[in-house]
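K.L.:
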Amino acid sequence: MEPFAFSEETRKEPTQFEVFFRTDVAEYRYILHMRQDFVVHESLDRIKLDTGRRSALFVRNGSEVDLKGVFGKIKISEEISENLPFLSYLGITYKKNEIISDVIQWFEDSIDFLNYGNPRQELRTAIAKTDEVKKLVLDMIREMDLDIEDFRIEEKDDNHIEVYTRHIVNGYSTELTLSEESSGTKKLFELLPCIARSLVIGTTLVIDELDTKIHPVLLRYVIMLFSDMEINKNGADPYLKKIIDWSDVNT
């Protein structure tokens, strides 16, 4: 983690992350502070959805770890690596523990990061999960009037793939490779499969600088898709029975 370079004060401060997420059984708050390549502070809190009970699970400051509540009986090494998050240590050492497995599985399966580096690979990864993803990608493309009727993926040698788009112009049907498409269409093929996969599966999708990647009209359309519960069927429950105040969690 490289500190913010344009302030003498922040050069010495750690980078701070705070993640709130929900699984089928609980809501969690995970905090991680890192300076360069070592952990300064870390904590994990939980609220059970069935009872609303709040509890702290662990707090770490440097090399000192305080296990709390249901984690109190867990045995850990005397020395924890200074550059390994304690949550990662738990995921490696106690992956069969019900709570640890619940948390680690969310990080592994329920959050995606869009990689702009390889649109063809991103497309294959997204489409491979379900035909519903491809259908939603096509629906979004047609909504934008791009004259693309269909697309297909063809496996080549050395694990390379090629994407072919099918157009019908004045009644004439032909295919183009993705490399022959406009830069705008290529950009959409970087974004849409990951967006569609997130909507179908119900993951949290992290996209850096989304507003600089696509036209504002398309950005509005994407946001509306996530807000449409008929499409975003596996998204967060819009009907909250109670507001959870994380400030009361006993740490």
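Taking the working numbering, the leading residue of the sequence shown gets 17, the next gets one more, and so forth. No residue lacks a Cβ here, since even glycine has one placed at the ideal position from N, Cα and C.
Which class does K258 belong to by DSSP, given the choice of helix, strand or coil?
P.N.:
At K258 the pLDDT is 41, less than 50, meaning the model places this residue with poor confidence and gives no usable figure here.
K.L.:
Quick check: the stretch 77-84 against the stretch 29-37, are there 3 or more CB pairs under 8 Å?
P.N.:
Short answer: they don't touch.
K.L.:
Assuming F167 is part of the beta strand (DSSP E), what are its boundary residues?
P.N.:
Here the beta strand (DSSP E) through F167 covers I164 to E171.
K.L.:
Where does Q32 sit, in a helix, a strand or coil, going by DSSP?
P.N.:
In the structure shown, Q32 sits in a strand (DSSP, three-state: E or B).
K.L.:
In or out: E29 buried (at least 16 other Cβ within 10 Å) or exposed?
P.N.:
E29 comes out exposed.
K.L.:
Should L103 and V119 be called a contact, given that it needs their Cβ atoms to be closer than 9 Å?
P.N.:
Contact: yes.
K.L.:
Which two residues bound the contiguous beta strand (DSSP E) that contains Y46?
P.N.:
Here the beta strand (DSSP E) through Y46 covers A42 to R51.
K.L.:
In angstroms, rounded to a whole number, what distance separates the CA positions of T39 and T219?
P.N.:
Approximately 11 Å between the Cα atoms of the pair.
K.L.:
In whole angstroms, what is the alpha-carbon distance linking I115 and V56?
P.N.:
Rounded to the nearest angstrom, the two C-alpha atoms are 24 Å apart.
K.L.:
Per DSSP, E178 is paired with what?
P.N.:
DSSP, once it has assigned bridges, lists E170 as partnering E178.
K.L.:
Rank I184, I164 and G88 by C-alpha distance to the C-alpha of K202 and give the top, closest one.
P.N.:
Measuring from the Cα of K202, the nearest candidate turns out to be I164.
K.L.:
Which runs of the beta strand (DSSP E) at least 3 residues long sit entirely within the stretch 186-218? Give them in chain order.
P.N.:
For the stretch 186-218, whole beta strand (DSSP E) runs of length 3 or above, ordered along the chain, are 188-193.
K.L.:
Which residue comes first and which comes last in the alpha helix (DSSP H) that contains R69?
P.N.:
Taken as a continuous stretch (DSSP letters only), R69 belongs to no alpha helix (DSSP H), as it is neither H nor E.
K.L.:
Below 8 Å on the Cβ atoms is my guess for N248 versus F242; work out the distance and round it to an integer in Å.
P.N.:
With 8 Å as the limit, N248 and F242 qualify as a contact, their Cβ atoms being about 5 Å apart.
K.L.:
Please report the residue range of the alpha helix (DSSP H) in which F102 lies.
P.N.:
F102 -> alpha helix (DSSP H) spans F102 to T109.
K.L.:
Sort out for me which residues DSSP pairs I184 with in a bridge.
P.N.:
Looking at the DSSP assignment, I184 forms a beta bridge with S189.
K.L.:
As a quick exercise: from V233, I169, T109 and V86, pick the residue whose alpha carbon is nearest that of F161.
P.N.:
Going by the sequence as given, residue 161 is Asp instead of Phe. Nearest option by C-alpha distance: V233.
K.L.:
Compute the Euclidean distance between the alpha carbons of K172 and D244, then round it to the nearest angstrom.
P.N.:
Each residue's Cα considered, the two are about 37 Å apart.
K.L.:
According to DSSP, is I239 part of a helix, a strand, or is it coil?
P.N.:
In the structure shown, I239 sits in a helix (DSSP, three-state: H, G or I).
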